[in-house]
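Read top to bottom, the protein sequences are chains S and U.
Read in order, the letters of the first sequence are residues 1 to 242 in our numbering.
Read in order, the letters of the second sequence are residues 1001 to 1116 in our numbering.
For each residue, glycine too, the CB sits at the ideal point set by N, CA and C.
All values derive from a computational prediction rather than experimental measurement.
Single-structure report; data block below.
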Amino acid sequence: SPEEGPASDCPSCSLPKLQAEVAGFDNQLVEAVKRHILNMLHLKSRPNITHPVPKAALLNALKKLHVGRVREDGRVEIEDHSSSKSALNEPEQASEIISFAEAGPARDIVHFQIAKEEDGDLSLVDQANIWLYLKVSNKSNRSRSEVTIRLYQEGDGSQAISQKRVDIKRSGWHTLPVSRTVQATLATQERSLLLKVSCERCQETGVSPVLVEPAEKDASHQPFLMLLVRQSDAHTHRIRKR
Amino acid sequence: GLECDGKVSICCRKQFYVNFRDIGWSDWIIAPPGYYGNYCEGECPSHIAGTSGSSLSFHSAVINHYRIRGYSPFNNIKSCCVPTKLRAMSMLYYDDEHNIVKKDIQNMIVEECGCS
């Protein structure tokens, strides 16, 4: 209050009076909370969700996140496998992003649009992996099949950016590391990644990588890119601690 | 730190929970279901400056020491009810490209308030 003089220097000291006098104070607080959350997430406005990710794909990808359950208060519960108890962890300054593949210009090409951040704080990639589901056909009469999966960056020569030889007995998920490529992609304006998936000996062994299914009949097996990024100062701090 | 209960006028923490479903944000925020937008309010008479809250900085303790002894310019500085302990929060949400993002945000929730 101005009459009380110096107390007005401190906005929070006059809050009780405001609360009693100003109608719609709660609405103003809610608006302030909304702005605060958007600021902290480096978003200009709330994302517009036009086509939600299929629930099966979402649940499957969430299982593979490096975190446990996010509790109601924002703390994260991590399973401690040694004692089969869960512990509460104070989160570090880090982000994990799951980017689902979209159809590329050809059937064997998948497209990932990695999150755009204006301040460019997604600059340090700790880890980036493509998760690919390899399906074994029922008709396949072999007990196990050895195939080689290769990823090529579209329009960037003939050298594979990642490859893995897989000994397959049954259908399942496989990861291919792509940290260096994703790091380079994050440095670009578009942050768009086109990957060609090739599989050596897949056809003859009855194995096929599940790519983007337009009919969403196999949505839970949709490929995705998972990346763990850190802000640069947090990253250097972490290295020093180790 | 003190919790505001409507009876005290001294610096305290006011709890304020916003459920994302109530504000129509549950379509893009996957977890948690809401946010504790706690804030600080109340008066800070000079005799309690730098005493409330468990995590007041060494800096404010030194300033308070000078203020009590009447040294200029510290004797004219007014104390303010501010967050003295904050904690991080993790959020899981969809971004504009429909990617799922899990972000850890430091200093997101006010845990304690005190007079600066």
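### Query
Looking only at C-alpha atoms, which of U:Asp1005, U:Gly1024 and U:Tyr1036 sits nearest to Arg46 of chain S?
The residue with the shortest Cα to Cα distance from Arg46 of chain S is U:Gly1024.
### Task
Under 8 Å by Cβ, that's how I've got Gly1034 of chain U and Tyr1017 of chain U pegged, so tell me the actual separation to the nearest angstrom.
Contact between Gly1034 of chain U and Tyr1017 of chain U holds: their C-beta atoms lie close to 6 Å from each other, under 8 Å.
#### Entry: Cys1119 of chain U - containing beta strand (DSSP E), residue span
An answer regarding residue 1119 of chain U cannot be provided, because it is not within the stretch 1001 to 1116 covered by chain U.
### Query
Mapping DSSP to helix, strand and coil, what is Ala219 of chain S?
Helix at Ala219 of chain S.
### Query
Looking at the structure shown, is Thr259 of chain S part of a helix, part of a strand, or coil, going by DSSP?
This structure leaves residue 259 of chain S out entirely; chain S is present only between 1 and 242.
### Query
Per DSSP, which one or two residues make a beta bridge with Cys202 of chain S?
Per DSSP, none; premise fails for Cys202 of chain S.
### Query
What does a CB cutoff of less than 7 Å around Trp131 of chain S pick up in its chain, not counting 5 residues either side in sequence?
Excluding the 5 residues flanking it on each side, Trp131 of chain S has same chain C-beta neighbours closer than 7 Å at Lys64, Trp173, Thr175, Pro223, Phe224 and Met226, in chain order.
### Query
Tyr1071 of chain U: buried (16+ other C-beta within 10 angstroms of its C-beta) or exposed?
By the 16-neighbour rule on beta-carbons within 10 angstroms, Tyr1071 of chain U is exposed.
### Query
Which class does Leu228 of chain S belong to by DSSP, given the choice of helix, strand or coil?
Residue state, collapsed to three classes: strand.
### Task
Find out if the Cβ-Cβ distance for the pair Asp1095 of chain U, Ala115 of chain S is shorter than 8 Å.
Yes, the pair counts as a contact, with Cβ atoms nearer than the cut-off.
### Query
If we cut at 8 Å on Cβ distances, does Tyr1035 of chain U have a partner in chain S?
Cβ-Cβ to chain S under 8 Å: yes for Tyr1035 of chain U.
### Query
Can you find a CB in chain U that lies within less than 8 Å of the CB of Gln203 of chain S?
No, Gln203 of chain S does not count as interfacial toward chain U.
### Residue of S:Val229, S:Gln113, S:Ser162 and S:Pro209 minimising C-alpha distance to Glu246 of chain S
Given that chain S is displayed from residue 1 to residue 242, the structure contains no residue 246 of chain S and the question cannot be resolved.
#### Entry: Proximity below 8 Å, CB of Val166 of chain S to CB of Leu134 of chain S
Closer than 8 Å, so yes.
#### Entry: Under 8 Å (Cβ pairs) to chain S, residues found in the stretch 1097-1112 of chain U
Result list: Glu1097, His1098, Asn1099, Ile1100, Val1101, Lys1102, Lys1103, Asp1104, Ile1105, Gln1106, Met1108 and Ile1109.
### Query
Would Ile1010 of chain U count as contacting chain S if we go by Cβ distances under 8 Å?
So, not an interface residue.
### Between the CA atoms of Ile49 of chain S and Asn1099 of chain U - distance to the nearest angstrom
Near 10 Å, if we compare the C-alpha coordinates of Ile49 of chain S and Asn1099 of chain U.
### Query
Does the distance from the CB of Cys1004 of chain U to the CB of Gly1042 of chain U come in under 8 Å?
Yes.
### Task
Give the secondary structure of Glu1043 of chain U by DSSP, where H, G and I count as helix, E and B as strand, and everything else as coil.
If DSSP states are grouped into helix, strand and coil, Glu1043 of chain U belongs with the strands.
### Task
Output the distance between the C-alpha atoms of Pro105 of chain S and Gln159 of chain S, rounded to the nearest integer angstrom.
When rounded, the separation of the alpha-carbon atoms in Pro105 of chain S and Gln159 of chain S is 20 Å.
### Query
Using the beta-carbon of each residue, which ones in chain U are nearer than 7 Å to Leu194 of chain S?
Residues of chain U whose Cβ lies closer than 7 Å to the Cβ of Leu194 of chain S do not exist, since the nearest Cβ in that chain is about 14 Å away.
### Message
Please list, in chain order, the chain U residues whose beta carbon lies closer than 8 Å to that of Pro54 of chain S.
### Response
Within chain U, no residue comes near Pro54 of chain S; the closest Cβ sits about 11 Å away, beyond 8 Å.
### Task
Name the one or two DSSP bridge partners that His111 of chain S has.
Beta-bridge pairing by DSSP links His111 of chain S to S:Glu102 and S:Leu194.
#### Entry: CB contact below 8 Å: Phe25 of chain S versus chain U
At a cut-off of 8 Å, the C-beta of Phe25 of chain S has no neighbouring C-beta in chain U.
### Query
Given a limit of 7 Å on CB to CB distance, which residues of the stretch 1011-1029 of chain U reach chain S?
Taken in chain order, the members of the stretch 1011-1029 of chain U whose beta-carbon sits within less than 7 Å of a beta-carbon on chain S are Phe1016, Val1018, Ile1023, Trp1025, Asp1027 and Trp1028.
### Message
For a contact defined as C-beta to C-beta under 9 Å, what are the partners of Asn48 of chain S on chain U?
### Response
Residues of chain U whose Cβ lies closer than 9 Å to the Cβ of Asn48 of chain S are, in chain order, Trp1028 and Asp1096.
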